[in-house]
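> Sharing a structure, written as structure tokens. Questions coming.
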Amino acid sequence: MQDTEEDTSPAAATAAAQAALNGGRPADARAHAAAALERYGPDPALCLLLGRAHVVEDEDDHDDEAERVYRQGLEAFPDDLGLLSAYAELCLASDPLDHPGRHARGPVLANRIIELAPDSPQALHVGRHARGEILVLPDAGNPAPAVIAHIQRHDVRAALAAAPDLADAAWLAGEQAVRRPYDRRLAILAETLAALERPGRRLLLAHVRAPLPTLLTVAVLAATLTASRAAYHLPAWVALIAVLLFVPGAMLRRLERHARARGLARLLTPPDGAELPDSPLPPPPAFSSRELVVNLAVLVIVVCSAASPLLWTPPENTDYPHYTATAPDTLLGAPLLSTPPGGDGADAEPDTVTVIPDDFGPGTFIYVYGTAQQMAASSAEPLAFVFGATGDYHNTPTDAVRAYEQGLSRSESTINDVWDAPPGAHGGRLRCAAYATDAEDKGAHTACTWLDRGSSGTIVLNKAGLDRDTAAAIARTTRDAILQVDTSGTTQAAALTPVTR
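Heads up: the sequence shown begins at 897 in my numbering, then just goes up one per residue.
What follows is the structure in structure tokens.
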């Protein structure tokens, strides 16, 4: 910040900083005070203004800076009543849980002020704290402390109830604050009502006039929405509506916090020796049992609604259809193949289906279709074959239908087309791939893989020229023919019987 003519002396800098603070420009006030302190050295009035310009921001970082400034000022001026009073207010207003050390210093500073100047305005100010008009001192002989925000809301409700409308209440509070520039409650009240008068803020008046019924209504509505979403599996935006119901209340708390900061900024320091008159505002009531009951009820409602998704989350469906697998007699017009030429066992019956090897798991099935002549003509390649298994597939990812397709991508074959097809009566997923080697025409082979909760399998059709619909229809028909509902409780493939051509 560049120096101005106003900063030619500590007194001029103090006046400039005070004017900026009264005008709601705490950053300018800090700039004036900090520059003057750097130029002229320690000064109690400048330290006081710099600290207050931090306090009005109502943020933890600024409160830390204010405490640092006050402590530095008190090192140079340990008995300055203004610094002691401001530091005591900062400590007493701090949260005892977040800042226990700072909060504990408040009563010590207050007692120090009373010892130094028992009849001073600062001591009277501390006395107002003790009477509960601003903040009750946390002393064992006093009643429970009243929070400034609680007093602020009480004053605003009382002002709105006594005036015809919001505009009149704001005008009256502003006039009273001007006539009593040292009254903190009036300053905060005037700033709060002025903020509520701004466009778009009148929607918050319901929270101001009837805070407990409004809070309870909002909590019940939010809980109803949250529980309904969990119970009826409604979309996620229903829960978002429940969260948005609390936005007006949060906006009001933010408005009140900034109004308190502006009220403190406009508060003038009383002249030395001046006796502060009592506030014209009546003492606020203590927290009532009704408030306690409503707040506890809201807490219970919020906790229960937050837990409702756990209460209404249905257990995982681990059930799956139990099938037996039965080989269709024919596929693509070709019969279930007998022991292929060159198979083990010279004495094998030519019209007997090859039995699944013993090391295959329960429920596994492999069916090969063709004729000996056809396989001899096509280098031992059957016209079609099916392999798969029945069992518990309810946790198997649906992308498992890509397994055959992924195997093709690592082979010498080229995939010409892939598509998802309607799965048919058994549900699940059906995915097909057309492929060929470099020596074959495109789409010489088609493989369709299905997956459902109770079975998985692949049907390979070694027939060129099949379009998407035809290949998928053959796959669905074959799958339906293979899978039979198992009423015996077993999941193994049905015993294969000889099939004659």
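Cβ coordinates follow ideal geometry from the N, Cα and C atoms, glycine included.
Going by DSSP, what residues sit across from Asp1313 in a beta bridge?
By 1-based counting over the sequence shown, the position of residue 1313 is 417. According to DSSP, which records beta bridges pairwise, Asp1313 is partnered with Ala1330.
> If we call anything under 7 angstroms between Cβ atoms a contact, is Tyr1216 one with His1290?
As a first step, residue 1216 must be located in the sequence shown, where it is residue number 320. As a first step, residue 1290 must be located in the sequence shown, where it is residue number 394. With respect to the 7 angstroms criterion, Tyr1216 and His1290 are classified as neighbours on the basis of their beta carbons.
> Candidates Ala1280, Cys987, Gly1324, Leu1326: which alpha carbon is nearest Asp960's?
Here the question's residue 960 lines up with position 64 in the sequence shown. Ranking Ala1280, Cys987, Gly1324, Leu1326 by Cα distance to Asp960 puts Cys987 first.
> With a threshold of 16 other CB atoms inside 10 Å of the CB of Glu963, please say whether the residue is buried or exposed.
The count along the sequence shown starts at 1 and reaches residue 963 at position 67. When all chains shown are included, Glu963 counts as buried.
> Please name the residue or residues paired with Trp1346 in a DSSP beta bridge.
As a first step, residue 1346 must be located in the sequence shown, where it is residue number 450. Leu1326, Gly1353, per the DSSP bridge assignment.
> Here's the rule I'm using: 16 or more other beta-carbon atoms within 10 Å means buried, otherwise exposed. How should Leu1188 be labelled?
To locate residue 1188, count along the sequence shown from 1; it is residue 292. Its Cβ having fewer than 16 others within 10 Å, Leu1188 is exposed.
> Work out the CA separation of Arg1094 and His1103 for me, nearest whole Å.
Translated into positions along the sequence shown, residue 1103 becomes position 207. Translated into positions along the sequence shown, residue 1094 becomes position 198. His1103 and Arg1094: Cα-Cα distance of roughly 16 angstroms.
> Could you tell me the distance, in whole angstroms, from the CA atom of Asp1225 to the CA atom of Cys1344?
Within the sequence shown, the letter at position 329 stands for residue 1225. Within the sequence shown, the letter at position 448 stands for residue 1344. Distance between the alpha carbons of Asp1225 and Cys1344: 19 angstroms.
> Within the same chain, show all residues whose beta-carbon is closer than 7 angstroms to that of Cys1200, passing over the 5 residues directly before and after it, in chain order.
As a position in the sequence shown, residue 1200 is number 304, starting the count at 1. Cβ within range, chain order: Ala1119.
> If contact is defined by three or more beta carbon pairs under 8 angstroms, each pair taking one atom from either stretch, is the region 1100-1115 in contact with the region 1146-1162?
Flag = yes, the region 1146-1162 and the region 1100-1115 touch.
> Between the region 1314-1326 and the region 1264-1276, are three or more C-beta pairs nearer than 8 angstroms?
Not touching, per the Cβ criterion.
> State the CB to CB distance for the pair Leu1112 and Val1190, rounded to an integer number of angstroms; the pair is presumed to be in contact (CB under 8 angstroms).
Here residue 1112 refers to the residue found at position 216 of the sequence shown. Here residue 1190 refers to the residue found at position 294 of the sequence shown. Confirmed, about 6 angstroms.
> Can you give me the C-alpha to C-alpha distance between Arg1153 and Gly969, rounded to a whole angstrom?
In the sequence shown, the residue the question calls residue 1153 occupies position 257. In the sequence shown, the residue the question calls residue 969 occupies position 73. Going from the Cα of Arg1153 to the Cα of Gly969 covers about 27 angstroms.
> From which residue to which residue does the alpha helix (DSSP H) around Val1297 run?
Residue mapping note: residue 1297 aligns to position 401 of the sequence shown, counting from 1. Val1297 -> no alpha helix (DSSP H), and no H or E assigned at all.
> Below 8 angstroms on the Cβ atoms is my contact criterion, and I expect Leu917 with Ala949 to pass it. Report the Cβ-Cβ distance as a whole number of Å.
In the sequence shown, counting from the first residue as 1, residue 917 sits at position 21. In the sequence shown, counting from the first residue as 1, residue 949 sits at position 53. With 8 angstroms as the limit, Leu917 and Ala949 qualify as a contact, their Cβ atoms being about 6 angstroms apart.
> Compare the C-alpha of Leu1121 against each of Val1198, Pro1077, Ala1066, Asp1064 and name the closest.
The residue given as residue 1121 occupies position 225 in the sequence shown. That would be Val1198, whose Cα lies nearest to the Cα of Leu1121.
> Under the three-state reduction of DSSP, which class applies to His928: helix, strand or coil?
Your numbering for residue 928 matches position 32 in the sequence shown. Reduced to three states, the DSSP call for His928 is helix.
> Based on the DSSP output, what are the partners of Ala1230 in its beta bridges?
The residue given as residue 1230 occupies position 334 in the sequence shown. DSSP, once it has assigned bridges, lists Leu1227 as partnering Ala1230.
> Under three-state DSSP, which class holds Gly920?
In the sequence shown, residue 920 corresponds to position 24, counting from 1. In the structure shown, Gly920 sits in coil (DSSP, three-state: anything other than H, G, I, E or B).
> Are the Cβ atoms of Ala982 and Ala1006 separated by less than 7 angstroms?
Position 86 of the sequence shown, counted from the first residue, corresponds to residue 982. Position 110 of the sequence shown, counted from the first residue, corresponds to residue 1006. Taking 7 angstroms as the Cβ cut-off, Ala982 and Ala1006 do not qualify as a contacting pair.
> Tell me the rounded alpha-carbon separation between Val1032 and Pro1205.
Taking the first residue of the sequence shown as 1, we reach residue 1032 at position 136. Taking the first residue of the sequence shown as 1, we reach residue 1205 at position 309. At Val1032, the pLDDT of 38 sits below 50, so the modelled position is not reliable and the matter cannot be decided from this model.
> Would the region 1365-1375 count as touching the region 1297-1314 if we require 3 or more Cβ pairs under 8 angstroms?
no
> Of the choices Thr1366, Gly1323, Gly1350, whose alpha-carbon is the least far from that of Ala1330?
Within the sequence shown, numbered from 1, the residue matching residue 1330 stands at position 434. Measuring from the Cα of Ala1330, the nearest candidate turns out to be Thr1366.
> Restricting to Cα atoms, I'd like to know which of Ala923, Ser905, Val952 is closest to Arg935.
Translated into positions along the sequence shown, residue 935 becomes position 39. Checked all of Ala923, Ser905, Val952; the closest Cα to Arg935 is Ser905.
> Return the residue from the list Ala1127, Ala1045, Leu1062, Ala923 that minimises the CA-CA distance to Arg1203.
As a position in the sequence shown, residue 1203 is number 307, starting the count at 1. In the sequence under discussion, the amino acid at residue 1203 is Ala, which differs from the Arg named in the question. Ranking Ala1127, Ala1045, Leu1062, Ala923 by Cα distance to Ala1203 puts Ala1127 first.
> Indicate whether Tyr1265 and Ala1280 have their beta-carbon atoms separated by less than 7 angstroms.
Walking along the sequence shown from the start, residue 1265 turns up at place 369. Walking along the sequence shown from the start, residue 1280 turns up at place 384. Against a cut-off of 7 angstroms, the Cβ pair of Ala1280 and Tyr1265 comes out as a contact.
> On the criterion of 16 or more Cβ atoms from any shown chain inside 10 Å, does Leu1362 qualify as buried, or is it exposed?
Stepping through the sequence shown from its first residue, residue 1362 is reached at position 466. Leu1362 comes out buried.
> Taking the runs of the alpha helix (DSSP H) that are 4 residues or longer, which of them lie wholly in the region 929-955?
940-951
> Quick check: what's the CA-CA separation for Pro1017 versus Tyr1078?
Looking up residue 1017 in the sequence shown gives position 121. Looking up residue 1078 in the sequence shown gives position 182. One C-alpha to the other measures close to 10 angstroms.
> Looking at C-alpha atoms only, which residue of Gly1350, Arg1364, Ile1355, Ala929 is the closest neighbour of Val1381?
As a working note, residue 1381 is residue 485 in the sequence shown. Nearest of Gly1350, Arg1364, Ile1355, Ala929 to Val1381, Cα basis: Gly1350.
> What whole-angstrom Cβ distance do His1341 and Leu1357 have, given they're in contact under 8 angstroms?
Residue numbering aside, residue 1341 sits at position 445 when the sequence shown is read from its first letter. Residue numbering aside, residue 1357 sits at position 461 when the sequence shown is read from its first letter. The beta-carbon separation of His1341 and Leu1357, rounded to 7 angstroms, stays under the 8 angstroms limit for a contact.
> Leaving out the 5 sequence neighbours to the left and right, which residues in its chain are closer than 6 angstroms to Leu1082 when beta-carbon positions are compared?
Here residue 1082 is taken as the residue at index 186 of the sequence shown, counted from 1. So the list reads Gln1072, Ala1073, Arg1076, once near-sequence residues are dropped.
> Cα separation between Arg1136 and Thr1088?
Taking the sequence shown and counting its residues from 1, one reaches residue 1136 at position 240. Taking the sequence shown and counting its residues from 1, one reaches residue 1088 at position 192. In the sequence on display, residue 1136 carries Leu and not Arg. Computed Cα separation, rounded: 29 angstroms.
> Quick one, which of Thr1110, Ala1123, Arg1125 has its alpha-carbon nearest Val1143's?
By 1-based counting over the sequence shown, the position of residue 1143 is 247. The option with the nearest alpha carbon to Val1143 is Thr1110.
> Go ahead and pull the three-state DSSP assignment for His1341.
Residue numbering aside, residue 1341 sits at position 445 when the sequence shown is read from its first letter. In the structure shown, the three-state DSSP call for His1341 is strand.
> Along the chain, where does the alpha helix (DSSP H) that runs through Gly997 open and close?
For the purposes of this step, residue 997 is taken as residue 101 along the sequence shown, with counting starting at 1. 996-1012 is the extent of the alpha helix (DSSP H) around Gly997.
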